[in-house]
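Peer 1: Structure below; questions to follow.
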Amino acid sequence: MISREDVAHVARLARLALEPDELERMRAQLDGILAYIDQLRAVDVAGVEPTAHAVPLVNVMREDAVVAPFPQEAMLANAPDRVGELFRVPRIIED
Amino acid sequence: MTIHELAEAYRRGETTPSAVAEAHLARIAALDAKVGAFLTVTRERALAAAAAADARWRAGAPRGPLDGAPLALKDVLCTKGVRTTCGSRILEGFVPPYDATVVERLEAAGAVLLGKTNMDEFAMGSSTEHSAFGPTRNPWDLGRVPGGSSGGSAAAVAAELAAGALGTDTGGSVRQPAAFCGVVGLKPTYGRVSRYGLVAFASSLDQVGTFARDARDTALLLGAIAGHDPRDATSVDAPVPDYTAALAGGVRGLCLGVPREYFGEGIDPEVARAVREAIETLRGLGAVTEDVSLPTTDYGIAVYYVLAPAEASSNLARYDGVKYGLRTPGAKDLIEMESRTRAAGFGAEVKRRIMLGTYALSAGYYDAYYGRAQKVRTLVRRDLEAALARVDVLVAPTTPGVAFRLGEKADPLAMYLNDVFTVPTSLAGLPAVSLRCGFSAAGLPVGLQLIGRALDEATLLRVAHAYEQATGWLARRPALA
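Next up, the structure:
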């Protein structure tokens with residue numbers, strides 16, 4: 000069973016600020032889903048290669064051609080906050 | 000009218016792309032308040048494209064059968080200069096600086112893009128109830144869901160608000176709403192269509208698919224969007240056949256496999272009966288059938304709900320309130336800003352999947368969940384490939400039941416189990432199409448699913464076309480219309 004502490008830890012990893020009631024509801028729902036997923040433990044997978052991709056692809060190469068990049072202004076246009084040519088975020092480093 | 004009928008009418012000069020675009024825009028204005036298929040209607044862009052198409056048809060030089068076709072796009076496909084929401088608040092204000100490859104290709108073919116359609120947030124859901132902008136309703140019964148996650152596109156085509164549409168399918172998000180809305184929904188082989196400009200959910204499974212009213216229109220749409228794209232390294236570099244030419248030929252001599260696990264416990268008897276009758280119809284047309292077994296079918300959902308959330312948790316890490324979309328103000332540091340923005344911007348289902356995926360990938364659980372699920376994925380794939388080595392096409396129901404009522408599947412797991420017949424194909428990367436094969440007693444469409452070999456969409460469309468020609472199901476239209 001997944002604990003409330005586990006859920007809080009995963010929420011921190013996932014950068015989701017969950018309210019206490021949301022945390023408990025999430026715990027109960029994840030518990031139910033994980034119990035269902037646990038049926039996979041009964042499958043014999045000894046010697047089975049994992050599938051990461053349905054289509055086998057190896058080392059897709061292309062010409063190293065010079066193409067026009069997106070203009071800086073187009074990339075900044077959607078920013079919720081910016082200063083000049085930069086994305087602005089809350090302070091990370093203390094003074 | 001279908002896309003091919005419209006092209007014929009343009010050719011004869013009976014109508015024009017502009018008149019048809021105006022008629023569709025008027026129909027959207029009159030009916031979409033009830034259906035809720037569209038999130039954004041791009042009236043000006045549509046009319047400008049239609050006027051250009053008028054001139055080409057008038058000059059006798061159309062770009063092809065899609066020239067002037069009024070189409071809709073699921074709002075997970077980037078459109079330059081047109082807001083793209085993914086059904087989420089977290090993308091508030093986001094206007095993509097580029098078009099998805101499939102959008103470029105449709106416009107190059109002359110298509111008239113009417114707008115962007117509603118969807119479950121980030122394509123996570125099977126009912127289009129998980130949109131931040133409210134649900135879409137099923138044109139056959141407004142109290143029922145259109146399916147999802149591409150419910151807006153499916154409903155738009157069913158309600159004749161668009162002649163065709165694009166959606167995306169990760170675990171059934173084109174085929175399941177196509178079944179619920181009684182339209183043709185094709186999920187191509189993984190890699191057949193470029194994912195460039197498709198906002199990522201689960202990258203090893205996501206694929207752009209089509210909605211149309213018949214197999215011929217599906218062939219036209221697929222032909223336009225399929226093909227290699229250097230901007231998507233996972234797109235397959237293989238020639239694109241002439242899907243329209245491949246429609247002819249019928250089913251005589253084809254071997255159809257009937258997987259017994261798709262007719263077991265839990266399937267609505269009305270669905271099972273309609274699908275079995277469809278199989279009899281195909282036999283009557285000269286196909287041979289063979290019973291096959293896909294013993295790993297029941298593991299599909301469990302595998303999918305480890306792998307897709309795991310990939311989603313990684314893909315959706317980009318929504319951090321820095322580069323685009325929503326930002327919750329007032330945070331004292333970066334982590335708090337990100338955590339509060341994501342909490343405010345994502346809906347409950349997206350949070351659940353991010354949590355599930357983060358858990359499955361976290362230290363101590365990776366091998367037990369993610370590693371194991373990837374191995375069982377191999378077994379699911381082998382099952383399907385082994386069956387398709389013996390038969391040409393698998394025939395099965397698309398969903399265990401017909402469209403359910405809004406609010407009926409409040410339990411997340413109950414919602415997930417609706418995808419039991421569509422998820423295995425996605426895990427194997429194989430193409431599959433859903434088409435109308437009858438109605439329930441209550442008048443709701445039933446979907447027949449055809450599953451094919453990798454890159455063999457042509458055979459699926461040939462079977463679908465033969466079935467349509469032999470039956471009269473397409474004549475029925477929702478009362479809304």
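Protein chains in written order, with numbering that gives the first Met the number 0: chain Y, 0 to 94; chain S, 0 to 480.
Just so you know, even glycine gets a beta-carbon here, dropped at the ideal spot from N, CA and C.
Quantities reported herein were computed from a predicted structural model and do not represent experimental measurements.
Determine, using beta-carbon pairs with one atom in the region 460 to 477 of chain S and one in the region 273 to 290 of chain S, whether at least three such pairs fall under 8 Å.
Peer 2: yes
Peer 1: Within its chain, find whatever has a CB closer than 6 Å to the CB of Arg484(S); leave out the 5 residues flanking it on each side and keep chain order.
Peer 2: The displayed coordinates of chain S run from 0 to 480. Any statement about residue 484(S) would go beyond what the structure contains.
Peer 1: Rounded to a whole number of angstroms, what is the C-alpha to C-alpha distance between Tyr195(S) and Leu76(S)?
Peer 2: Distance between Tyr195(S) and Leu76(S), taken at the CA atoms: about 9 Å.
Peer 1: Can you confirm whether Met74(Y), when its beta carbon is compared against all beta carbons of chain S, has any partner nearer than 8 Å?
Peer 2: Cβ-Cβ to chain S under 8 Å: yes for Met74(Y).
Peer 1: Using the Cα positions of Gly299(S) and Gly263(S), report the straight-line distance between them to the nearest angstrom.
Peer 2: 15 Å
Peer 1: Of all the CB atoms in chain Y, is at least one closer than 8 Å to the CB of Asp332(S)?
Peer 2: yes
Peer 1: I need the straight-line Cα distance from Ala301(S) to Ser126(S), nearest angstrom please.
Peer 2: Looking at the two C-alpha atoms, the distance is approximately 19 Å.
Peer 1: Below 7 Å CB to CB, which residues in the same chain sit around Asp205(S) once its five sequence neighbours on both sides are set aside?
Peer 2: Its chain contains Thr167, Thr169, Arg194, Leu197 and Ala199 as the residues whose beta carbon lies nearer than 7 Å to that of Asp205(S), once the 5 sequence neighbours on both sides are disregarded; these appear in chain order.
Peer 1: Tell me which residues share the same chain as Ala158(S) and place their Cβ nearer than 7 Å to its Cβ, disregarding the 5 neighbours each side in the sequence.
Peer 2: Leu30, Val34, Ala36, Pro138, Pro477, Leu479 and Ala480
Peer 1: Note down the Cα distance separating Ser2(Y) from Gly344(S), rounded to an integer number of angstroms.
Peer 2: 25 Å
Peer 1: Where are the beta strand (DSSP E) runs, 3 residues long or more, that stay fully inside the region 17 to 76 of chain S, in chain order?
Peer 2: You should have 37 to 40 and 69 to 73.
Peer 1: List the DSSP bridge partners of Phe86(Y).
Peer 2: Arg81(Y)
Peer 1: Answer yes or no: does any C-beta atom of chain Y fall closer than 8 Å to that of Ser361(S)?
Peer 2: yes
Peer 1: Which two residues bound the contiguous alpha helix (DSSP H) that contains Glu276(S)?
Peer 2: Pro268 to Gly283
Peer 1: Against chain Y, with Cβ distances strictly below 8 Å, would Tyr365(S) count as a contact?
Peer 2: no
Peer 1: In whole angstroms, give me the CA-to-CA distance for Ser202(S) and Leu219(S).
Peer 2: If you take the alpha carbons of Ser202(S) and Leu219(S), they lie about 26 Å apart.
Peer 1: Examine the Cβ distances between the region 0 to 8 of chain S and the region 58 to 68 of chain S and report whether three or more of them are shorter than 8 Å.
Peer 2: yes
Peer 1: Between the region 90 to 109 of chain S and chain Y, which residues of the former have a C-beta closer than 8 Å to a C-beta of the latter?
Peer 2: Residues of the region 90 to 109 of chain S whose Cβ lies closer than 8 Å to any Cβ of chain Y, in chain order: Gly92, Phe93, Val94, Pro96 and Tyr97.
Peer 1: Return the residue from the list Arg87(Y), Pro79(Y) and Glu84(Y) that minimises the CA-CA distance to Tyr323(S).
Peer 2: Taking only the C-alpha atoms, the option nearest Tyr323(S) is Pro79(Y).
Peer 1: Buried or exposed for Cys436(S), going by 16 or more other Cβ atoms inside 10 Å?
Peer 2: buried
Peer 1: Using a C-beta to C-beta distance shorter than 9 Å, which residues of chain S count as neighbours of Arg31(Y)?
Peer 2: According to the sequence shown, residue 31(Y) is Gly rather than Arg. Going along chain S in sequence order, the residues near Gly31(Y) (Cβ under 9 Å) are Asp410, Pro411 and Leu412.
Peer 1: Along chain S, in chain order, which residues have C-beta atoms closer than 8 Å to that of Glu19(Y)?
Peer 2: This sequence places Pro at residue 19(Y); Glu is not what is there. Going along chain S, no residue has its Cβ under 8 Å from Pro19(Y), so there is no contact; the nearest lies around 13 Å.
Peer 1: Could you tell me the distance, in whole angstroms, from the CA atom of Val59(Y) to the CA atom of Thr458(S)?
Peer 2: Rounded to the nearest angstrom, the gap between the Cα atoms of Val59(Y) and Thr458(S) is 28 Å.
Peer 1: With distances taken from CA atoms, which of Gly190(S), His23(S), Arg191(S) and Phe210(S) is nearest Ser172(S)?
Peer 2: Phe210(S)
Peer 1: Identify whether Lys374(S) lies in helix, strand or coil by the three-state DSSP scheme.
Peer 2: helix
Peer 1: Leaving out five residues before and five after Ala431(S) in sequence, what residues of the same chain have Cβ atoms less than 8 Å from its Cβ?
Peer 2: Apart from the 5 residues on each side of it in sequence, Ala431(S) sits with its Cβ closer than 8 Å to the Cβ of Arg174, Leu185, Lys186, Thr421, Thr424, Gln448, Leu449, Ile450, Gly451 and Leu459 in its chain, given in chain order.
Peer 1: Pick out whichever of Glu269(S), Asn117(S) and Pro229(S) has its Cα sitting closest to the Cα of Gly442(S).
Peer 2: Glu269(S)
Peer 1: Looking at the unbroken alpha helix (DSSP H) that takes in Cys180(S), where does it start and where does it end?
Peer 2: Arg174 to Cys180
Peer 1: Which first and last residues belong to the beta strand (DSSP E) in which Val482(S) is found?
Peer 2: Any property of residue 482(S) remains undetermined from this structure, which presents chain S solely from 0 to 480.
Peer 1: Going by Cα to Cα distance, which pick from Thr116(S), Val94(S) and Asn417(S) is closest to Ala71(S)?
Peer 2: Thr116(S)
Peer 1: Mind checking if Glu48(Y) is an interface residue toward chain A, Cβ cutoff 8 Å exclusive?
Peer 2: Looking at the structure shown, chain A is missing, and the protein chains on hand are Y and S.
Peer 1: Considering Cα atoms alone, identify which of Val192(S), Arg352(S), Gly151(S) and Pro444(S) is closest to Leu412(S).
Peer 2: Arg352(S)
Peer 1: Please confirm whether Ala51(Y) and Tyr189(S) have their CB atoms less than 8 Å apart.
Peer 2: no
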